[in-house]
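Numbering (the working numbering), first residue to last: 296 to 439.
1. Using beta-carbon positions only, say whether residue 403 and residue 393 come within less than 7 Å of one another.
2. Between which two residues does the alpha helix (DSSP H) containing residue 385 stretch?
3. Measure the C-alpha to C-alpha separation of residue 414 and residue 422 and round it to an integer number of angstroms.
4. Confirm, please, whether the CB-CB distance from residue 355 to residue 419 is below 7 Å.
5. Does the distance from the CB of residue 344 to the CB of residue 430 come in under 7 Å?
6. Going by C-alpha to C-alpha distance, which of 405, 325, 387 and 340 sits closest to residue 363?
7. Going by C-alpha distance, which of 383, 346, 407 and 360 is nearest residue 424?
8. By DSSP, does residue 311 sit in helix, in strand, or in coil?
9. Please give me, in chain order, every unbroken run of the alpha helix (DSSP H) with length at least 4 that falls completely inside the stretch 318-399.
10. Residue 370 to residue 337, Cα distance in whole Å?
11. Closest to residue 433 by CA distance: which of 360, 412, 341 and 384 is it?
12. Take the Cβ of residue 386 as the centre, count every other Cβ of all protein chains shown within 10 Å, and call the residue buried at 16 or more, exposed below.
This is the structure:
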């Protein structure tokens, strides 16, 4: 096909983009690139935050579970020791005294264990929330 019969030839269809349209299009592309870069940075930052939250929560859950298992072993051992002592009693008054002492000790132990678990839970919650707070403070500065 020759240039004279080619419908898309510049000699047949003389078309030129006006300078204002070109500038407008270039500005739009530039703004789109900037917006994409900001979005990408925010997404990467949020991904890092989410990873930090899950890492902290996982670590805290493991610590909490380990403490529960430790308490379960200690409580089971205390109950087995109590049962063994109970089999060796010679009188009902001795059994009642043993039972009373064991109950008092177990209540104290349970209170102590509950306090320790509560403290672990509070610490884990604070550590897990820290990456979220840090990320939010970057995105939303405090109001004056």
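We treat Cβ as the ideally placed atom computed from N, Cα and C, and that holds for glycine.
Predicted, not measured: the structure shown is a model, and the values here were computed from it.
So, from the data block:
1. Reading the chain shown from its first residue, position 108 is the one you call residue 403. Reading the chain shown from its first residue, position 98 is the one you call residue 393. Cβ distance not < 7 Å, so residue 403 and residue 393 don't count as in contact.
2. Here the question's residue 385 lines up with position 90 in the chain shown. Per DSSP, residue 385 belongs to no alpha helix (DSSP H) and is neither H nor E.
3. For this step, residue 414 is matched to residue 119 along the chain shown. For this step, residue 422 is matched to residue 127 along the chain shown. Answer to the nearest angstrom: the Cα atoms are 12 Å apart.
4. Your numbering for residue 419 matches position 124 in the chain shown. Your numbering for residue 355 matches position 60 in the chain shown. Going by C-beta atoms, residue 419 is nearer than 7 Å to residue 355.
5. Counting from 1 along the chain shown, the entry for residue 344 is found at position 49. Counting from 1 along the chain shown, the entry for residue 430 is found at position 135. Contact flag set, yes.
6. Counting from one through the chain shown, the residue named residue 363 turns up at place 68. Of 405, 325, 387 and 340, the residue nearest in Cα terms is 405.
7. Working through the chain shown from its first residue, we reach residue 424 at position 129. Looking at the Cα atoms, 346 is the closest of the given residues.
8. On the chain shown, residue 311 is found 16 positions in, with the first residue counted as 1. Note: residue 311 maps to coil in three-state DSSP.
9. none
10. Indexing the chain shown from 1 puts residue 370 at position 75. Indexing the chain shown from 1 puts residue 337 at position 42. When rounded, the distance between both Cα atoms is 49 Å.
11. As a position in the chain shown, residue 433 is number 138, starting the count at 1. Of 360, 412, 341 and 384, the residue nearest in Cα terms is 341.
12. Position 91 of the chain shown, counting from 1, holds the residue named residue 386. Label assigned to residue 386: exposed.
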